[in-house]
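Q: Dumping the structure here so I can ask a few things about it.
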Amino acid sequence: MSSIANGMNELDKSQLDNLKKLCVSEKIIAKMRQAGASFNSNDNISEWLEPQDVILLKQELEHKMKSVFDSLLIDHNNDPNTKNTAKRITDMFFDELFKGRYQQLPKTTDFPNSRCLNEIYTLGPITIRSMCSHHFLPITGEVWIGVVPGDTVVGISKFNRIVDWVMSRPQIQEEAAIMIADTLDQLIKPKGLAIVIRAEHSCMTIRGVKDRGTSMTNSIMRGEFLTDTLKKSEFFDLIRSQGF
Ligand SMILES: [Zn+2]
Numbered sequence: 098m099s100s101i102a103n104g105m106n107e108l109d110k111s112q113l114d115n116l117k118k119l120c121v122s123e124k125i126i127a128k129m130r131q132a133g134a135s136f137n138s139n140d141n142i143s144e145w146l147e148p149q150d151v152i153l154l155k156q157e158l159e160h161k162m163k164s165v166f167d168s169l170l171i172d173h174n175n176d177p178n179t180k181n182t183a184k185r186i187t188d189m190f191f192d193e194l195f196k197g198r199y200q201q202l203p204k205t206t207d208f209p210n211s212r213c214l215n216e217i218y219t220l221g222p223i224t225i226r227s228m229c230s231h232h233f234l235p236i237t238g239e240v241w242i243g244v245v246p247g248d249t250v251v252g253i254s255k256f257n258r259i260v261d262w263v264m265s266r267p268q269i270q271e272e273a274a275i276m277i278a279d280t281l282d283q284l285i286k287p288k289g290l291a292i293v294i295r296a297e298h299s300c301m302t303i304r305g306v307k308d309r310g311t312s313m314t315n316s317i318m319r320g321e322f323l324t325d326t327l328k329k330s331e332f333f334d335l336i337r338s339q340g341f
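As structure tokens, this is what we get:
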């Protein structure tokens, strides 16, 4: 204990500053707890972040990730293959795989549905790449979306961006489908909305039961797709022609 305390005493100001920065996660967590905000793995927490926070969080995680390698007894200081792996993992988590937690919903321009389109349109397959919250292993698959437009329409590429934003988090497939549906509901207020996800979970294929080729499919039907069975079957006919 005393040697640790002495060690702490010897830290100069810049080291102390660094140590404070390393605990930026604790400050943000305290803020979220105080507000009663949820920060589950698949929540978007961008509203709780200051502009500099992600840079500081990356410094903190890189430092902690090195400790993970230490505990795995991997010589990341000298092994040329793992020398910068802690940084690579950190950047990959914040900038790619989990960016949908830290970045705001991509900007979308919506247009009035001036021609009062009332036809079903479907999009898919939209490729998804995510990570399962249980094992942090990849989920890969496809999404199909069906819309009966309301008063608002958006450009079709926006659907891909919204799906990517929701899937770029540690996810649970069932919850991801609800999140995609909720986001689209808020944005375009459609008269009908259908989401189908089909995905393969690496936690089933490369470990555990190691069953290659098993996929999980789930669907969400809202509005007219729920109340009108003809519309629902038309949706499935359409996405079958799109590879479902
Ligand atoms: Zn899993």
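All letters in the sequence shown, in the order written, are residues 98 to 341 by the working numbering.
Positions of the beta carbon are idealized from the N, C-alpha and C atoms, including for glycine.
1) Excluding sequence positions up to five away, which residues of its chain have a Cβ less than 8 Å from the Cβ of Leu202?
2) Shorter than 6 Å, the distance from the beta carbon of His173 to the closest heavy atom of ligand 1, or not?
3) Can you find the residues in the same chain that come closer than 7 Å, C-beta to C-beta, to Ser143, ignoring five residues on each side of it along the sequence?
4) Counting Cβ pairs, one atom from each stretch, are 3 or more of them under 8 Å apart for the region 325-336 and the region 295-311?
5) Would you report the Cα separation of Leu323 and Gly289, rounded to the nearest angstrom?
6) Short of 6 Å in beta carbon distance, which residues of its chain neighbour Ser227, apart from the five on each side in sequence? Order them along the chain.
7) Based on DSSP bridge pairs, tell me the residues matched to Ala132.
8) When the Cβ atoms of the region 182-199 are set against those of the region 141-161, are three or more pairs found closer than 8 Å?
9) Could you tell me whether the Cβ of Asn210 comes closer than 7 Å to any Cβ of chain C?
10) Over the uninterrupted alpha helix (DSSP H) stretch that includes Ile336, give me the two end residues.
11) Suppose you measure from the CA of Asn315 to the CA of Ala132; what does that come to, to the nearest Å?
12) Run the proximity test for His232: is its beta-carbon closer than 6 Å to any non-hydrogen atom belonging to ligand 1?
13) For Cys120, count neighbouring C-beta atoms within 10 Å of its own C-beta (all shown protein chains included) and say buried if the count is 16 or more, exposed if not.
14) Identify every run of the alpha helix (DSSP H) within the region 119-190, keeping only runs that are complete inside it and at least 4 residues long; order them along the chain.
15) Which parts of the region 263-300 are runs of the beta strand (DSSP E), unbroken and 3 residues or longer, counting only runs that do not cross its ends?
16) Check whether the region 231-246 touches the region 179-189, taking contact to mean three or more Cβ pairs, one atom from each stretch, closer than 8 Å.
17) Compute the Euclidean distance between the alpha carbons of Ile223 and Lys161, then round it to the nearest angstrom.
18) Going by the C-beta, is Cys120 closer than 6 Å to any heavy atom of ligand 1?
19) Taking 8 Å as the limit between beta carbons, can you name the residues of its chain near Met105, skipping five residues before and five after?
20) Can you find the residues in the same chain that come closer than 7 Å, C-beta to C-beta, to Phe195, ignoring five residues on each side of it along the sequence?
21) In or out: Ile253 buried (at least 16 other Cβ within 10 Å) or exposed?
22) Starting from the C-beta of Glu271, find all residues in its chain whose C-beta is less than 7 Å away, skip the five residues before and the five after it, and write them out in chain order.
23) Looking at the structure shown, is Leu214 part of a helix, part of a strand, or coil, going by DSSP?
24) Starting from Arg198 and walking both ways along the alpha helix (DSSP H), at which residues does that stretch end?
25) Assuming Ala296 and Ser312 form a contact by the criterion Cβ under 8 Å, report the distance between their Cβ atoms to the nearest whole angstrom.
A: Reading off the structure:
1) Asn141, Ile259, Trp262 and Thr280
2) no
3) Tyr199, Gln200 and Gln201
4) no
5) 8 Å
6) A distance below 6 Å between beta-carbons, with the five flanking residues on each side excluded, links Ser227 to the following residues of its chain, in chain order: Ile236, Met264 and Gln268.
7) Answer by DSSP bridge pairing: none, since Ala132 is not bridged.
8) yes
9) As a matter of chain content, chain C is missing from the structure shown, which is built from one protein chain.
10) Thr326 to Arg337
11) So the two alpha carbons sit approximately 33 Å from each other.
12) yes
13) exposed
14) Every unbroken stretch of the alpha helix (DSSP H) spanning 4 or more residues and falling wholly within the region 119-190 is given here in chain order: 121-131, 150-168 and 182-189.
15) 289-298
16) With a cut-off of 8 Å, the region 179-189 and the region 231-246 do not count as touching, because too few Cβ pairs lie within range.
17) 35 Å
18) no
19) Per-residue confidence for Met105 stands at a pLDDT of 46, beneath the threshold of 50, marking its modelled position as unreliable; the derived number appears in the next sentence. Residues of the same chain with their beta carbon placed closer than 8 Å to that of Met105 are lacking, with the five preceding and five following residues left out of the count.
20) Ser265, Arg266 and Pro267
21) exposed
22) If we look at Glu271 and ignore the five residues flanking it on each side, its Cβ neighbours are Asn315.
23) coil
24) Lys196 to Tyr199
25) 6 Å
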